[in-house]
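Presented below is the structure to which this report refers.
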Amino acid sequence: MEPLPRVQTTEAARALVAELRVRHGEILFYQSHGCCAGSAPMCFGTAELALSTGDRLLGRLDGAADGVPVYASESQCEYLAGLAMTLDVAPGDTGSFGLEDGSGRHFVAHFRLWTDAELGRLAPIEPVRL
Numbered sequence: 002m003e004p005l006p007r008v009q010t011t012e013a014a015r016a017l018v019a020e021l022r023v024r025h026g027e028i029l030f031y032q033s034h035g036c037c038a039g040s041a042p043m044c045f046g047t048a049e050l051a052l053s054t055g056d057r058l059l060g061r062l063d064g065a066a067d068g069v070p071v072y073a074s075e076s077q078c079e080y081l082a083g084l085a086m087t088l089d090v091a092p093g094d095t096g097s098f099g100l101e102d103g104s105g106r107h108f109v110a111h112f113r114l115w116t117d118a119e120l121g122r123l124a125p126i127e128p129v130r131l
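In my numbering, the protein residues as written are 2 to 131.
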């Protein structure tokens, strides 16, 4: 049985990701851990963000082996381990540093708890390979 991907996408997110890949080449997401509503998935070119040994690969979009990677800090991954993440798109610019800024759209993450049955089937969270 295939492991469940930790990060799913909506159709709108897949469309914006495809646009950004055409425009910018290889991209990645970093799930920030801000205060209150400040947590947001940030999209960067792979050369624009220096990952560290304190970061983890939460997963790849929709679990595809060649999917866009989604990273977070180790402490954020500990929090997210019990949550299913769905990457979506909302209208409006946020003034962030993400590649989507200026497009009139921005990425958002929706979360839900994994069921007990799902918890045993999750893809592992992996350390970053520098």
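Glycine included, C-beta positions come from ideal geometry on N, C-alpha and C.
#### Entry: C-alpha distance - A110 paired with F30, whole-angstrom precision
Numbered from 1 along the sequence shown, position 109 holds the residue referred to as residue 110. Numbered from 1 along the sequence shown, position 29 holds the residue referred to as residue 30. If you take the alpha carbons of A110 and F30, they lie about 11 angstroms apart.
### Query
Does DSSP put L5 in a helix, in a strand, or in coil?
Along the sequence shown, read from residue 1 onward, the residue named residue 5 stands at position 4. Note: L5 maps to strand in three-state DSSP.
### Task
Determine the direct distance from the alpha carbon of A16 to that of L120, and round the result to whole angstroms.
Locating residue 120 in the sequence shown gives position 119, counting from the first residue. Locating residue 16 in the sequence shown gives position 15, counting from the first residue. Roughly 29 angstroms separates the two Cα atoms.
#### Entry: Buried or exposed by the 16-neighbour rule on C-beta atoms within 10 Å, applied to L131
Counting from one through the sequence shown, the residue named residue 131 turns up at place 130. Classification of L131: exposed, given that the 10 Å Cβ count is below 16.
### Message
Going by the DSSP bridge assignment, what does Y72 pair with across the sheet?
### Response
Counting from 1 along the sequence shown, the entry for residue 72 is found at position 71. Y31 and L58.
### Query
Would you say the beta carbon of P125 comes nearer than 7 angstroms to a heavy atom of the ligand COA?
With respect to the ligand COA, the structure shown offers nothing to examine, as it has no ligands at all.
### Query
V90 bridges to which residues according to DSSP?
Along the sequence shown, read from residue 1 onward, the residue named residue 90 stands at position 89. V90 is bridged to F108.
### Query
Going by other Cβ atoms of all chains shown within 10 Å of its Cβ, with 16 needed for buried, is M2 buried or exposed?
For the purposes of this step, residue 2 is identified with residue 1 of the sequence shown, where counting begins at 1. Taking a 10 Å sphere around the C-beta of M2, we find fewer than 16 other C-beta atoms and assign the residue as exposed.
#### Entry: Burial state of F108, where buried means 16 or more other Cβ atoms lie within 10 Å
Sequence index remark: in the sequence shown, residue 108 carries index 107 (1-based). Under this definition F108 is a buried residue.
### Task
Compare the C-alpha of F98 against each of L50, Y80, D89 and A124 and name the closest.
By 1-based counting over the sequence shown, the position of residue 98 is 97. For F98, the nearest C-alpha among the options comes from L50.
### Query
Looking at the unbroken beta strand (DSSP E) that takes in F45, where does it start and where does it end?
Residue 45 sits at position 44 when you count from the first residue of the sequence shown. P42 to G46 is the span of the beta strand (DSSP E), which, as asked, contains F45.
### Message
Does L114 pass the burial test, meaning 16 or more other C-beta atoms within 10 Å, or should it be called exposed?
### Response
As a first step, residue 114 is located in the sequence shown; it is residue number 113 there, counting from the start. In this structure L114 is exposed. Its beta-carbon is surrounded by fewer than 16 other beta-carbon atoms within 10 angstroms.
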